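To convert, note that position 218 of the sequence shown is 218 in the UniProt record's numbering; the numbers rise steadily by one, no gaps. Think of the CB as a built atom: it goes at the ideal place given N, C-alpha and C, for glycine as much as any other residue. Only a predicted model underlies this, so the values are computations on that prediction, with no experimental measurement involved. The structure appears below as structure tokens.
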Amino acid sequence: MTHSNPEFDGSRGFDSSGLVRANFSPRTLFNNIMTGVAFILAAMAVIPLFAVLIYVTFQGISSISPSVFVELPPPPMVEGGGFGNAILGTITMVGIGALISVPFGVMASIYLTEFSTGKISRWVRFATNILSGVPSIIAGVFAYAAVVLTFTRFGWGSYSPIAGGIALSVLMLPIIVRTTDEALQLVPKDVRQASVGLGATKFQTVWGVVLPAAVPAIVTGTTLAVARAAGETAPLLFTALFSQFWPQFWPPQAFLQPTASLAVLVYNFAIVPFKNQQQLAWAASLILVLLVLITSIITRYVTSRKA
């Protein structure tokens, strides 16, 4: 079937705007080639992620049972046991870190974006970028010197979940500051000007207009910070150490004791020659990955509903 238009060329097509587009022009071919290259590279970047997830799932799924969530770590060559104390300890220390880093990080970002001068904001952002690249073991050494040794000097104990939470907050803070800062900057200036034009003060504009608009991005950044903190091992080796027992929250003196965590349990059990503890380390690795995944899914769902 031939086209009635004598000027029609089979090598040319029409886009949605009605403009003629050459299907085999150099620019179209280059665009298609680069699109294919980008897709291939994106797939190659995802392959290691799926490889890790599949391998951890394959190694750890056989050791997952209800008992691992309610029992304590077993001694060598003893079947059974679990890591319920490590799950509780991880949630406790990550929660302490979030309680410290989220308010400070959000308030610092609000000051940077809405109230600070250009010179101050540039220096603070530069310091935040430097802090985000500091190795996690440095945060552990800092918390050990600032918290553990101080507690020991005053007779309040030594290693504790408080020290572990403070170490994790140091790692979480720059992530929260950077993501919140970028989220606030993405809020259009017209929104701020409209709020001020209606008679709102600067504080009312930030609190009632700018901050709610940036909440989804802020929550996403907080989730990333929590995910990083939950998998850190080195800071907790210096601050919370490890324990074979359940964390005690009362009286206060009992709370200032070494506390187990999933990351340290994986580290300790992965290097021992005992098969039962190695299998438990794989199971703990899988649970740690699932905790981060579930947290991310819930956060995405909540932020999408708010958006």
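Around the Cβ of G36, a 10 Å sphere holds fewer than 16 other Cβ atoms; the residue is exposed. Taken through DSSP and simplified to helix, strand or coil, F249 comes out as coil. Counting along the chain, I175 sits inside the alpha helix (DSSP H) bounded by residues 161 to 186. Ranked by how close their Cα comes to the Cα of A234, the residues T222, V226, A263 have A263 in first place.
In the three-state reduction of the DSSP assignment, W156 falls in the coil class, being assigned neither a helical nor a strand state. For Y55, the enclosing alpha helix (DSSP H) has its first and last residue at 26 to 60. With respect to the 8 Å criterion, Q248 and F255 are classified as neighbours on the basis of their beta carbons. Counted as a single uninterrupted DSSP element, the alpha helix (DSSP H) harbouring A86 occupies residues 84 to 110. In the three-state DSSP reduction, I294 falls in the helix class (H, G or I). In this structure, I40 sits away from S101, with a CB-CB distance that is not shorter than 8 Å. For L236, the uninterrupted alpha helix (DSSP H) run begins and ends at 234 to 239, by DSSP. Counting C-beta atoms within 10 angstroms of its own C-beta, S304 has fewer than 16 neighbours from the protein chains shown and is therefore classed as exposed. Scanning its chain for C-beta atoms nearer than 8 Å, with the 5 sequence neighbours on each side dropped, one finds around V191 the residues V209, V210, A213, in chain order. Apart from sequence neighbours up to five positions away, the residues of its chain that approach W246 with a beta-carbon distance below 8 Å are L72, G84, N85, L88, ordered along the chain. Going by DSSP, W123 is part of the alpha helix (DSSP H) stretching over 118 to 132. Inter-residue distance for Y267 and A281 is about 8 Å (C-alpha atoms, whole angstroms). Counting C-beta pairs closer than 8 Å gives three or more between the region 102 to 111 and the region 171 to 187, which meets the contact rule.
Contact between the region 139 to 154 and the region 121 to 128 is absent: fewer than three C-beta pairs spanning the two stretches fall below 8 Å. Here Y159 has V148, T239, A240, L241, P258 as same chain residues with Cβ atoms under 7 Å from its own Cβ, once five neighbours each way along the sequence are excluded.
It is roughly 33 Å from the alpha-carbon of I96 to the alpha-carbon of E79.
Straight across, the Cα-Cα distance linking I162 with I33 is about 54 Å.
Under the DSSP assignment, Q204 falls in the alpha helix (DSSP H) whose first and last residues are 202 to 205. The distance from the Cβ of P174 to that of L131 is about 4 Å, consistent with a contact at the 8 Å cut-off. Scanning its chain for C-beta atoms nearer than 8 Å, with the 5 sequence neighbours on each side dropped, one finds around L288 the residues T90, A230, G231, L262, A263, V266, in chain order. Taking A200 as the centre and dropping the five residues before and after it, the same chain places the C-beta of G208, V209 closer than 8 Å to its C-beta, in chain order.
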